[in-house]
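Asker:
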Amino acid sequence: MQVEASGAGRTATSPLPTPLLDAQVAQASTSKSVAEAQVADLSLFLQSSFDAGSYVSGLLADVDSGFAETGQQAVAGSSAKHLALTPSSPTRKPSISLSTPIDTTTEAADATTRKRQQAQEDLDLSLAISRLNLAIEELNRSISTQVNANAPDLLRRTSNLSLMQTGIGETQQGLRGLDEEVSRLRAKVHVPFVRVVELQREMKLFDGAAELVRRTRGVVGLARRLESQMEALFARKDGGGRADADGEAEDAVVGQVHERDLSRAALLVAELTSLLDAERLLQKQEGETSLLDLKLIQDLIPTIDSARKTIIDYMEDMIVRGLRDLSPLMLGSSLQTAFNMRMLPTLVQDLLNDLTEVVKERTAAAFDLDSLAQQLKLPLPSLDAPAPTSYSAYRSGRRGAAHDDELRHQHQQQQQVWSDSVWKKLESLVAVEMGAVCSKVYLLEKVLKLKTDSETGVNFLDAALEVLGDKPSYTFWLTFAQSLQQQVSAVCARSAWLAQLLSVGGKAADGYPKLIRLFQEFFAKISVYTDVQYTASHQSPETVILLKGLGSLEKAYVEKITSRTAEVLAQALSSLTAASGPGNGARRVVVREEEAEAVVRSIANVLDTTRFDPLLSRAVVVQCTALVGQFAARIEAVAANEERASEQVLERLRNMLPIKGVDEQTEQIIEGLLKPSTCTSLPNA
Numbered sequence: 001m002q003v004e005a006s007g008a009g010r011t012a013t014s015p016l017p018t019p020l021l022d023a024q025v026a027q028a029s030t031s032k033s034v035a036e037a038q039v040a041d042l043s044l045f046l047q048s049s050f051d052a053g054s055y056v057s058g059l060l061a062d063v064d065s066g067f068a069e070t071g072q073q074a075v076a077g078s079s080a081k082h083l084a085l086t087p088s089s090p091t092r093k094p095s096i097s098l099s100t101p102i103d104t105t106t107e108a109a110d111a112t113t114r115k116r117q118q119a120q121e122d123l124d125l126s127l128a129i130s131r132l133n134l135a136i137e138e139l140n141r142s143i144s145t146q147v148n149a150n151a152p153d154l155l156r157r158t159s160n161l162s163l164m165q166t167g168i169g170e171t172q173q174g175l176r177g178l179d180e181e182v183s184r185l186r187a188k189v190h191v192p193f194v195r196v197v198e199l200q201r202e203m204k205l206f207d208g209a210a211e212l213v214r215r216t217r218g219v220v221g222l223a224r225r226l227e228s229q230m231e232a233l234f235a236r237k238d239g240g241g242r243a244d245a246d247g248e249a250e251d252a253v254v255g256q257v258h259e260r261d262l263s264r265a266a267l268l269v270a271e272l273t274s275l276l277d278a279e280r281l282l283q284k285q286e287g288e289t290s291l292l293d294l295k296l297i298q299d300l301i302p303t304i305d306s307a308r309k310t311i312i313d314y315m316e317d318m319i320v321r322g323l324r325d326l327s328p329l330m331l332g333s334s335l336q337t338a339f340n341m342r343m344l345p346t347l348v349q350d351l352l353n354d355l356t357e358v359v360k361e362r363t364a365a366a367f368d369l370d371s372l373a374q375q376l377k378l379p380l381p382s383l384d385a386p387a388p389t390s391y392s393a394y395r396s397g398r399r400g401a402a403h404d405d406e407l408r409h410q411h412q413q414q415q416q417v418w419s420d421s422v423w424k425k426l427e428s429l430v431a432v433e434m435g436a437v438c439s440k441v442y443l444l445e446k447v448l449k450l451k452t453d454s455e456t457g458v459n460f461l462d463a464a465l466e467v468l469g470d471k472p473s474y475t476f477w478l479t480f481a482q483s484l485q486q487q488v489s490a491v492c493a494r495s496a497w498l499a500q501l502l503s504v505g506g507k508a509a510d511g512y513p514k515l516i517r518l519f520q521e522f523f524a525k526i527s528v529y530t531d532v533q534y535t536a537s538h539q540s541p542e543t544v545i546l547l548k549g550l551g552s553l554e555k556a557y558v559e560k561i562t563s564r565t566a567e568v569l570a571q572a573l574s575s576l577t578a579a580s581g582p583g584n585g586a587r588r589v590v591v592r593e594e595e596a597e598a599v600v601r602s603i604a605n606v607l608d609t610t611r612f613d614p615l616l617s618r619a620v621v622v623q624c625t626a627l628v629g630q631f632a633a634r635i636e637a638v639a640a641n642e643e644r645a646s647e648q649v650l651e652r653l654r655n656m657l658p659i660k661g662v663d664e665q666t667e668q669i670i671e672g673l674l675k676p677s678t679c680t681s682l683p684n685a
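Below, the structure written as structure tokens:
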């Protein structure tokens, strides 16, 4: 104790480094806590109320609680192995130490005090040892009691454990056998399955490569056939060109010699185009291999495009020549080529658009008054003759009259020149230009109707109508009628003289009848190669559509030629009205025989004038019927007025009856004579 005290004093007084000083302080604190625990254990045995049984019971309770906590931790560890096990706190108190705590604070103590303290310590120690012996004996008895009480249970559990170990061994042996069986099954099933999957993957790659090779072989084979076909095409063209040097050899070669080769080449190009289009769709899809990625196919694409352009050029040239020469053979070959190229509907639509555009342009050119004025170098004439230029010329007597006659003569001559030019243009438009366009349209429709693909059985006209909607002939007539109506309306609105020239006419043979005769000649000309008919008994719908476009001119002409009939009916109506007026005595509402004959004669003359055209005659009949209907309505109105007037007179006479000096019978006779029917049937005064 002195050594420790001296050491502690040296530690407190000697200068040491800071880390070493901290370590010594920590060691001193630990020693102090241990000493305090020993003093506490010793004081427990030195208490006057110490009971060995209670002390042993407390120790056993601590041990049992420690076992319970250990079991709970084991269960928790088995259910959740990922949780960390924390060590339990010590249940037993620190061991009993016989050493007394050392008072390190006192440097020197009195010897007497130390002896007294030593004696007290020895006494306490012997007392504590005796009590400890009692506690040990009590503990032994408790242990014996527990062993005797729990021995059967322990033996039973031990036997259960031995049986469980036997079952666990068998289970482990079964698991080892199961593992061996799983290994054998894996070797028999899993490994072959993995191999099969790998082989399937390789087979899929091989199939894709084979499919790619197959498609490539098809495209390359078609391309080689196309090259040979194009070489044969050019070889025949060159041979035909050397054989015929008169300028018509090219037409014969293109129209006859090349037709089969060109159709075959077009079919090959169409097949190649469809294959390449399908490859372009595959190229856009992710994970698909396209032929367009192969350099072999990329080198063939320019050749295919060049062949396609050449075939289209030949086809268009054949179409132009076939329509120009009206050759069904050449036109049919070109249409077959277009069908093989999968562009027949588009080609027919383009051709029809071009022809209808020609119709519009030629119709507009025929009614182009500005161009005609520049060509004639004359202004457009007016409807009336020009007035005198000045008042002095009007007052100049014979000189002025001669000048006016000269102006009228110039105006008439100008009108005659314009009239001849206009009719010449219209005749050229209807008979020549529209006849040529009509022949081309009907030839195109006829070839389309007769042509049928030998492989697919598709009719060319049916294939074209899927895009066109209407037949080419109907489109031609409708376009011609609309263009004619539009141009006639425009020129008639611009010039009153031209409207009169085309409708009423300046001479007996001019006007609308002359225009109708032009169209009749046109219909007769095209009826040779079309089914268009225009006779008194039958008019084709196409002719009706065209002539309805001239409805404004027809209306003006019909009103002009039926004006005489309207005048005769008006005179008859005025005579009836005058005869039935007040102060004229007896009245009449019946047309005289000579008036009726005049009406019938005028209608017959009009019908005889328009007998050459059935549609015009029909329009005249409709107009005359309307005039006669109006006349009949006016007569009925006059008769109704006369009947009302007669009733008023009769009422007045009745109011005057009875007359003085007249008997009843005489009054009845007078009343009978005054009836409306009797009054209206009286003769003229």
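So that you can map any letter, position 502 of the sequence shown is 502 in UniProt numbering, and since no number is skipped, the others follow by simple counting.
By construction, the Cβ of each residue, glycine as well, lies at the ideal position given by its N, Cα and C atoms.
1) Which of the three DSSP states, helix, strand or coil, is assigned to Leu533?
2) How many Å lie between Leu380 and Leu484 at the Cα?
3) Locate the alpha helix (DSSP H) running through Asn133, then write down its first and last residues.
4) In whole angstroms, what separates the C-alpha of Glu542 from that of Ser473?
5) With 16 as the cutoff for other CB atoms within 10 Å, does Leu233 come out buried or exposed?
6) Enumerate in chain order the residues of its own chain whose CB-to-CB distance from Ala80 is below 6 Å, with the five nearest sequence positions on each side excluded.
7) Let me know the secondary structure DSSP gives Thr289 once reduced to three states.
8) I'd like to check one pair, Ala619 with Val558: are the Cβ atoms closer than 7 Å?
9) Hey, Lys525 and Ala431 are a contact pair by Cβ (cut 8 Å); roughly how many whole angstroms apart?
10) My output table needs one value for Thr452: the three-state DSSP class, helix, strand or coil.
11) Straight-line CA distance for Ala496 to Val622?
12) Indicate the three-state DSSP secondary structure (helix, strand or coil) for Gln539 in the structure shown.
13) Whole angstroms is fine: what's the gap from Asp261's alpha carbon to Met230's?
14) Which value, in whole angstroms, describes the spacing of the CA atoms of Leu352 and Ala209?
15) What span of residues does the alpha helix (DSSP H) with Gln520 cover, start to end?
16) Under 7 Å, do Asp613 and Ile516 count as touching if we go by C-beta distance?
17) Could you spell out the range, first to last residue, of the alpha helix (DSSP H) harbouring Glu433?
18) Excluding the 5 residues preceding and the 5 following Ala566 in the sequence, name in chain order all residues of the same chain whose CB lies nearer than 8 Å to its CB.
19) Whole angstroms is fine: what's the gap from Leu60's alpha carbon to Arg157's?
20) Count the other CB atoms, across all protein chains shown, that sit within 10 Å of the CB of Ser187; report buried if there are 16 or more and exposed otherwise.
21) Could you say if the region 446 to 461 and the region 332 to 350 meet the contact criterion of at least three C-beta pairs nearer than 8 Å?
22) Give me the Cα-Cα distance between Arg611 and Ser617, rounded to the nearest whole angstrom.
23) Would a C-beta distance cut-off of 7 Å place Gln487 and Phe367 closer than the cut-off?
24) Excluding the five sequence neighbours on either side, which residues of its own chain have a C-beta within less than 6 Å of the C-beta of Ala556, listed in chain order?
25) Taking only the alpha-carbon atoms, compute the straight-line gap between Leu276 and Gln375 and give it to the nearest angstrom.
26) Alpha carbon to alpha carbon, how far is Asp354 from Glu288? Give it in angstroms, no decimals.
27) Check whether the region 185 to 205 and the region 265 to 273 touch, using three or more Cβ-Cβ pairs below 8 Å as the test.
28) Run through the DSSP bridge pairs and tell me what Asn641 is partnered with.
29) Around the C-beta of Thr113, are 16 or more other C-beta atoms found within 10 angstroms, so that it is buried, or is it exposed?
30) Comparing alpha-carbon positions, which option in Ala338, Val441, Val417, Leu478 lies nearest Arg264?
31) Is it true that the CB of Ala52 sits closer than 7 Å to the CB of Ala135?
32) Leaving aside the five residues before and after Cys438 along the sequence, list all residues of the same chain whose C-beta is less than 6 Å from its C-beta, in chain order.
33) Using the Cα positions of Arg116 and Asp110, report the straight-line distance between them to the nearest angstrom.
34) Within 10 angstroms of the Cβ of Ser54, are there 16 or more other Cβ atoms? Answer buried if so, exposed if not.
Answerer: This is what the structure holds:
1) In the sequence shown, residue 533 corresponds to position 533, counting from 1. Going by the sequence as given, residue 533 is Gln instead of Leu. Coil at Gln533, not helix or strand.
2) The residue labelled residue 380 in the question sits at position 380 within the sequence shown. The residue labelled residue 484 in the question sits at position 484 within the sequence shown. Rounded to whole angstroms, Leu380 to Leu484 spans 20 Å at the Cα level.
3) Within the sequence shown, residue 133 is the residue found at index 133, counting from 1. Its alpha helix (DSSP H) spans residues 111 to 185.
4) Position 542 of the sequence shown, counted from the first residue, corresponds to residue 542. Position 473 of the sequence shown, counted from the first residue, corresponds to residue 473. Approximately 9 Å between the Cα atoms of the pair.
5) Position 233 of the sequence shown, counted from the first residue, corresponds to residue 233. With 16 or more Cβ atoms within 10 Å of its Cβ, Leu233 is classed as buried.
6) Numbered from its first residue, the sequence shown carries residue 80 at position 80. Note that Ala80 has pLDDT 44, beneath the 50 cutoff, so the model's placement of it is unreliable and the number below is only indicative. Excluding sequence neighbours, Ala80 sits near nothing in its chain.
7) Along the sequence shown, one-based indexing puts residue 289 at 289. Three-state result, Thr289: coil.
8) On the sequence shown, position 558 is the one that residue 558 refers to. On the sequence shown, position 619 is the one that residue 619 refers to. A contact, by the Cβ cut-off of 7 Å.
9) Taking the first residue of the sequence shown as 1, we reach residue 525 at position 525. Taking the first residue of the sequence shown as 1, we reach residue 431 at position 431. With a Cβ gap of about 7 Å, Lys525 and Ala431 count as contacting.
10) What you label residue 452 is simply residue 452 of the sequence shown in a count that begins at 1. Thr452: strand per DSSP, three-state reduction.
11) Residue mapping note: residue 496 aligns to position 496 of the sequence shown, counting from 1. Residue mapping note: residue 622 aligns to position 622 of the sequence shown, counting from 1. So the two alpha carbons sit approximately 26 Å from each other.
12) Translated into positions along the sequence shown, residue 539 becomes position 539. Gln539: strand per DSSP, three-state reduction.
13) Taking the first residue of the sequence shown as position 1, residue 261 is located at position 261. Taking the first residue of the sequence shown as position 1, residue 230 is located at position 230. Cα to Cα, Asp261 sits roughly 8 Å from Met230.
14) Here the question's residue 352 lines up with position 352 in the sequence shown. Here the question's residue 209 lines up with position 209 in the sequence shown. The straight-line gap from Cα to Cα measures roughly 48 Å.
15) Position 520 of the sequence shown holds residue 520. That run of the alpha helix (DSSP H) goes 512 to 526.
16) Walking along the sequence shown from the start, residue 613 turns up at place 613. Walking along the sequence shown from the start, residue 516 turns up at place 516. Yes; because the gap between Cβ atoms is below 7 Å, this pair is in contact.
17) If you number the sequence shown from 1, residue 433 lands on position 433. Where Glu433 is concerned, there is no enclosing alpha helix (DSSP H), given that its DSSP letter is neither H nor E.
18) As a working mapping, residue 566 is identified with position 566 in the sequence shown. Counting only Cβ-Cβ distances below 8 Å, and skipping sequence neighbours, we find Leu627.
19) Residue mapping note: residue 60 aligns to position 60 of the sequence shown, counting from 1. Residue mapping note: residue 157 aligns to position 157 of the sequence shown, counting from 1. Leu60 and Arg157: Cα-Cα distance of roughly 22 Å.
20) By one-based count along the sequence shown, residue 187 stands at place 187. It should be pointed out that residue 187 corresponds to Ala in this sequence rather than to Ser. The residue in question, Ala187, is exposed, as its Cβ has fewer than 16 Cβ neighbours within 10 Å.
21) yes
22) Against the sequence shown, residue 611 aligns to sequence position 611. Against the sequence shown, residue 617 aligns to sequence position 617. The alpha-carbon atoms of Arg611 and Ser617 are separated by roughly 6 Å.
23) Translated into the one-based positions of the sequence shown, residue 487 becomes position 487. Translated into the one-based positions of the sequence shown, residue 367 becomes position 367. In this structure, Phe367 lies closer than 7 Å to Gln487 by Cβ.
24) Position 556 of the sequence shown holds residue 556. Ser503.
25) Taking the sequence shown and counting its residues from 1, one reaches residue 276 at position 276. Taking the sequence shown and counting its residues from 1, one reaches residue 375 at position 375. So the two alpha carbons sit approximately 57 Å from each other.
26) Residue mapping note: residue 288 aligns to position 288 of the sequence shown, counting from 1. Residue mapping note: residue 354 aligns to position 354 of the sequence shown, counting from 1. For Glu288 and Asp354, the distance between alpha carbons rounds to 44 Å.
27) no
28) In the sequence shown, counting from the first residue as 1, residue 641 sits at position 641. Bridge partners of Asn641: none, in fact.
29) Numbered from 1 along the sequence shown, position 113 holds the residue referred to as residue 113. Flag for Thr113 reads exposed.
30) Sequence index remark: in the sequence shown, residue 264 carries index 264 (1-based). Minimum Cα distance to Arg264 is reached at Ala338.
31) Here residue 135 refers to the residue found at position 135 when the sequence shown is read from its first residue. Here residue 52 refers to the residue found at position 52 when the sequence shown is read from its first residue. Taking 7 Å as the Cβ cut-off, Ala135 and Ala52 qualify as a contacting pair.
32) Here residue 438 refers to the residue found at position 438 of the sequence shown. For Cys438, where only same-chain residues beyond five positions count, the Cβ hits under 6 Å are Ile526.
33) Counting from one through the sequence shown, the residue named residue 116 turns up at place 116. Counting from one through the sequence shown, the residue named residue 110 turns up at place 110. Going by the C-alpha atoms only, they are around 10 Å apart.
34) The residue labelled residue 54 in the question sits at position 54 within the sequence shown. Classification of Ser54: exposed, given that the 10 Å Cβ count is below 16.
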